[in-house]
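Chains as they are written, first to last, in our numbering: chain G, 1 to 367; chain U, 1 to 367. Written below as structure tokens is the structure these notes are about.
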DNA sequence: ATGAAAGCGCTAACAC
DNA sequence: GTGTTAGCGCTTTCAT
């Protein structure tokens, strides 16, 4: 397809021929370093040195080349460059989205934005892979790592399988996890799940609520575990009996397990007067069931939800929430990865960011 | 740094030497096609043919190589490959996020997810660039196009500058726009903005509202223009006087211009009884101002907003909204780009997707 | 300070 | 059917 050199002097097979290569620049495609070199009347090697701020180039020459480069808007071919320098200039980000929800919630989008912006500052590109299901994670993983397309990786650790994590670890591939992995200990960033949950629960307790239950996600996730722990701690401090109801996250189809879980909470046992909703995804379900049962919020049941959203402000009642510093989390993840890639391991292996409580109406504090 | 070949026979400079190259495989890095070739006792060329399903390989050999490849988990180096095939196997996506809002709204995240998933099906990677401001778009643009890192591009056309768009056009670079550009005519996908706006307005009119105003974004955007047009059409059909109030989108800081715009709408002129909010971003402001003025929704003013969100269901009143098929839009954008990249231009230059009205409480239809 | 040339890992044209 | 080799566009010794 691409025209290789036309027979120069009939010498194509004899090994003695000094591999003439193309002597003159005559192509159709984009500019190459040769073109620039020819026009600047220097060798490609010199242009390369200029472009890479390497020493050994006269300032007069350097200036001339630089001008030309600017004028021609020449940019070295990334593939050719990475082939020789053995770096791609990209990082990978793998994020899960179970159902259409995760991407619609603010968590991943904001995280991603933070990472992308930060990466851009360092002249790194971001290769994004989304994974629909946990099985999907594997293919996302290989598609992004296959062929050494990235120099480092940010992964949502909770959804990542042990196998892949171990693989990365063994390879010594630079990566950081967002959220703790149930399987491996490695560099990661996370929010203070236990602390935030404790904060939320204490807040409800401080408002005089006593029968405070927790609606939690699937037990397998470390974040869920930590939030349950924080809730438990607050309850036990107050000498109260914890009551945790787990449920699955919203799936792509089928009846939301959250609804059933809330039903169970409301129906069984003695009446609640407080509810800590352990994940933003679960809040709508909790509100819906409460409304259906004629349970007033915050009058009958005071409610705090983990993970904030701008729109909670416009719910009725406006939701009191534990706000996570998602943007900071993304920046921290990138910074950690960047350090790893630069061969300077960050000081701390786990960077845990604090949460804060945003008090609105659903907890009854303003009532 | 990387160990080049150790002097084989002292012949390093004489041009007669047949460029011996490395004969034996002995390195530290990842597997190369040579390694596989050696182990399979075939030539690299043959391995390459197997990997690319090229003809001219015996089925016995093919099987042996394939087994080995699988067993070794060998993947060809992407950079080396793209250098010779002149394709990167990646597409770029540039999305704007003014303030932290855009990414928090469902539009871009869902669009991005759709594109990414679709790309994965075609074994294409997605290089993501976010642009904070309109000036930022330019650097995002160059960073992603610089060095030919992608084979095609999806861009949010409204925020893209004329200069960049023209550049792409002139280069003949495959790209599709999401939303129409004010500057150039090119392949693009969009929702039926005018139709959706008309739908919303007619709905309000059909409910008996007569003094229906529209709260719209900045005039410069084609989508805003189209929505205004749809609104106007519906009003004029009914023989009513249109009343449009423009405002800027939410900025990173400063008082939201939306608030002021709504104030103006409510204060000036004769009392409204209907409001068409031309963009999801503006809905919270409209509700806030209405509440502050003691304007009941839908009792006093019936409201419909363009662009739906799962959480609107939990607003009070639940928001009636024009729902855009964002996921489909993303898929359509990718499909169009893929066709372009395959050299088979899509049949239609503009793919316009229909919207539908999601009736909830704010329009008063259920009252 | 500059240029020549080797070679990164792969594919494609051609020879056998 | 299989091996050989040139060369993609760049960086990087090494010689000059």
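Every residue, glycine too, gets a C-beta built ideally from N, C-alpha and C.
{"Item": "I need the DSSP call for residue 44 (chain G), collapsed to helix, strand or coil.", "Value": "helix"}
{"Item": "Less than 8 Å between CB atoms is the rule here; does residue 126 (chain U) satisfy it with respect to chain G?", "Value": "yes"}
{"Item": "Using a C-beta cutoff of 8 Å, does residue 75 (chain U) count as contacting chain G?", "Value": "yes"}
{"Item": "Do residue 137 (chain G) and residue 159 (chain G) come within 8 Å of each other at the CB atom, strictly closer than that value?", "Value": "yes"}
{"Item": "Establish whether the CB of residue 99 (chain G) and some CB of chain U are separated by less than 8 Å.", "Value": "Confidence is the limiting factor: at residue 99 (chain G) the pLDDT is only 48, short of 50, which leaves the residue's position unreliable and the question unanswerable from this model."}
{"Item": "Applying a beta-carbon distance threshold of less than 8 Å, which residues of chain U neighbour residue 144 (chain G)?", "Value": "125"}
{"Item": "I'd like the ranges of any beta strand (DSSP E) spanning at least 3 consecutive residues and lying wholly in the segment 297-357 of chain U.", "Value": "302-306, 320-323 and 350-353"}
{"Item": "Closer than 9 Å between beta carbons: that is the criterion. Which residues of the segment 338-362 of chain G meet it against chain U?", "Value": "none"}
{"Item": "Using DSSP with H/G/I as helix, E/B as strand and the rest coil, what is residue 220 (chain U)?", "Value": "coil"}
{"Item": "For residue 31 (chain G), report the span of its alpha helix (DSSP H) as first-last.", "Value": "Unbroken run through residue 31 (chain G): none, as it is neither H nor E."}
{"Item": "Over the uninterrupted beta strand (DSSP E) stretch that includes residue 109 (chain G), give me the two end residues.", "Value": "Premise fails: residue 109 (chain G) lies in the alpha helix (DSSP H), 107-121, not in any beta strand (DSSP E)."}
{"Item": "Taking a contact to mean a Cβ-Cβ separation below 8 Å, would you say residue 215 (chain U) touches residue 265 (chain U) in this structure?", "Value": "yes"}
{"Item": "Only counting the same chain, and skipping five residues up and downstream in sequence, which positions put a Cβ closer than 6 Å to that of residue 283 (chain G)?", "Value": "277 and 305"}
{"Item": "So what's residue 361 (chain G) in DSSP terms, helix, strand or just coil?", "Value": "coil"}
{"Item": "Cβ atoms of residue 207 (chain G) and residue 186 (chain G): under 8 Å apart, would you say?", "Value": "no"}
{"Item": "Between which two residues does the alpha helix (DSSP H) carrying residue 198 (chain G) extend?", "Value": "193-206"}
{"Item": "Within the same chain, show all residues whose beta-carbon is closer than 7 Å to that of residue 338 (chain G), passing over the 5 residues directly before and after it, in chain order.", "Value": "122"}
{"Item": "Relative to the alpha-carbon of residue 246 (chain G), which residue among G:61, G:117, G:260 and G:237 has its alpha-carbon at the smallest distance?", "Value": "G:260"}
{"Item": "Roughly how many angstroms separate the alpha carbons of residue 177 (chain U) and residue 351 (chain U), rounded to a whole number?", "Value": "10 Å"}
{"Item": "From the beta carbon of residue 286 (chain G), is the nearest beta carbon of chain U less than 8 Å away?", "Value": "no"}
{"Item": "Can you name the residues that DSSP bridges to residue 274 (chain G)?", "Value": "G:212 and G:302"}
{"Item": "Ignore the nearest five residues each way along the sequence and tell me which others in residue 340 (chain G)'s own chain have a CB closer than 8 Å to its CB.", "Value": "152, 174, 175, 176, 187 and 346"}
{"Item": "Considering residue 129 (chain U), what are the terminal residues of the beta strand (DSSP E) in which it resides?", "Value": "125-131"}
{"Item": "Find out if the Cβ-Cβ distance for the pair residue 333 (chain G), residue 115 (chain G) is shorter than 8 Å.", "Value": "yes"}
{"Item": "By DSSP, does residue 150 (chain U) sit in helix, in strand, or in coil?", "Value": "coil"}
{"Item": "Does any residue of chain U bring its CB to less than 8 Å from the CB of residue 147 (chain G)?", "Value": "yes"}
{"Item": "If we ignore side chains and look at the alpha-carbon of each, how far apart do residue 210 (chain G) and residue 231 (chain G) end up?", "Value": "13 Å"}
{"Item": "Can you name the residues of chain U whose CB is closer than 8 Å to the CB of residue 201 (chain G)?", "Value": "Simply none; closest approach about 23 Å."}
{"Item": "Give me the subset of the segment 34-51 of chain G whose CB atoms are less than 9 Å from a CB atom of chain U, sorted by chain position.", "Value": "none"}
{"Item": "Is the shortest distance between the beta-carbon of residue 364 (chain G) and the beta-carbons of chain U less than 8 Å?", "Value": "no"}
{"Item": "Measure the C-alpha to C-alpha separation of residue 275 (chain G) and residue 239 (chain G) and round it to an integer number of angstroms.", "Value": "17 Å"}
{"Item": "By how many angstroms is the C-alpha of residue 149 (chain G) removed from the C-alpha of residue 77 (chain U)?", "Value": "8 Å"}
{"Item": "Using a Cβ-Cβ distance cut-off of 8 Å, determine whether residue 130 (chain U) contacts chain G.", "Value": "yes"}
{"Item": "Do we get a CB-CB distance below 8 Å when we pair residue 83 (chain G) with the residues of chain U?", "Value": "yes"}
{"Item": "Would you identify the three-state DSSP class for residue 246 (chain U), choosing helix, strand or coil?", "Value": "strand"}
{"Item": "Taking the alpha helix (DSSP H) that residue 284 (chain U) belongs to, which residues open and close that run?", "Value": "283-292"}
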